[in-house]
Amino acid sequence: MKSFSSLFCCLLLAVSAAGCWVSELPEYVIFSCDTDDDCDADGVVCIPRTGQRGFCCKPVAEMCNDIDDDCNGQTDEGFNLQTDNAHCGVCGNACNAVTETCVNGTCKSRGELVCDNELDDDTDGAKDCADPDCVGKTCNKAGGGKGTCAGSTCK
Numbered sequence: 031m032k033s034f035s036s037l038f039c040c041l042l043l044a045v046s047a048a049g050c051w052v053s054e055l056p057e058y059v060i061f062s063c064d065t066d067d068d069c070d071a072d073g074v075v076c077i078p079r080t081g082q083r084g085f086c087c088k089p090v091a092e093m094c095n096d097i098d099d100d101c102n103g104q105t106d107e108g109f110n111l112q113t114d115n116a117h118c119g120v121c122g123n124a125c126n127a128v129t130e131t132c133v134n135g136t137c138k139s140r141g142e143l144v145c146d147n148e149l150d151d152d153t154d155g156a157k158d159c160a161d162p163d164c165v166g167k168t169c170n171k172a173g174g175g176k177g178t179c180a181g182s183t184c185k
């Protein structure tokens, strides 16, 4: 019986050791490091952290995605979420390029964009000089030629 339990223990150890093998880790797994050599891959650098070991990172151009793509310790730098029409308020929230602009992180109507086309560009019910957004903008005079919106008429 003693030899059976020894054989069983050896078999259990062998199976356990074989179960520890990992074929490949996903790309997003962060490896700790002290130098670039610890990262052991082309273009991958070791980024130091205060009070901790560094982490391996492969720098690419920064994108607005809540990830530190360029490995400088900051996420989404260079994107102004208060004014960026493609990332208004949060990454990926795009304002309508024709009718909206990003103001303080919120997509807002641009107002009447063109005041000489006889259209209600901002769909607020008023077109051209009849729209308060057009005051002081170029318009078409009734008799021909260009003028400036004043009040609700082109002068």
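In our numbering, each residue carries its 1-based index in the sequence shown increased by 30. We put the CB at the ideal spot given by N, CA and C, even for glycine. Everything numeric in this text was worked out from a predicted model, so none of it was measured.
Taking the alpha-carbon positions, what's the residue i to residue j distance?
{"i": "G175", "j": "E148", "result": "15 Å"}
{"i": "T182", "j": "K171", "result": "The question names Thr, yet the displayed sequence has Ser at residue 182. S182 and K171: Cα-Cα distance of roughly 12 Å."}
{"i": "V128", "j": "R140", "result": "8 Å"}
{"i": "N126", "j": "N102", "result": "32 Å"}
{"i": "C159", "j": "K138", "result": "21 Å"}
{"i": "T136", "j": "N123", "result": "9 Å"}
{"i": "P78", "j": "A156", "result": "58 Å"}
Would residue i pass as a contact of residue j if the rule is Cβ separation under 8 Å?
{"i": "H131", "j": "N110", "result": "In the sequence as displayed, the identity of residue 131 is Thr instead of His. Cβ atoms of T131 and N110: not closer than 8 Å."}
{"i": "V96", "j": "C121", "result": "Before going on, a small fix: residue 96 reads as Asp here, not Val. In this structure, C121 lies closer than 8 Å to D96 by Cβ."}
{"i": "G177", "j": "K167", "result": "no"}
{"i": "D146", "j": "C169", "result": "yes"}
Who are the near neighbours of residue i in its chain, counting only those whose CB is closer than 6 Å to its CB and skipping five residues on each side?
{"i": "D161", "result": "E142"}
{"i": "C94", "result": "D106, F109, H117 and C121"}
So, for residue i: in the same chain, excluding its five sequence neighbours on each side, which residues have a beta-carbon less than 7 Å away from its beta-carbon?
{"i": "D100", "result": "P89, V90, A91 and E92"}
{"i": "C69", "result": "F61, C63, V75, C76 and C86"}
>> Does the structure place the segment 63-75 close enough to the segment 83-97 that three or more beta carbon pairs sit under 8 Å?
In response: yes
>> If we require 3 or more residues per run, which beta strand (DSSP E) segments fall completely within the segment 59-120?
In response: 75-79 and 82-87
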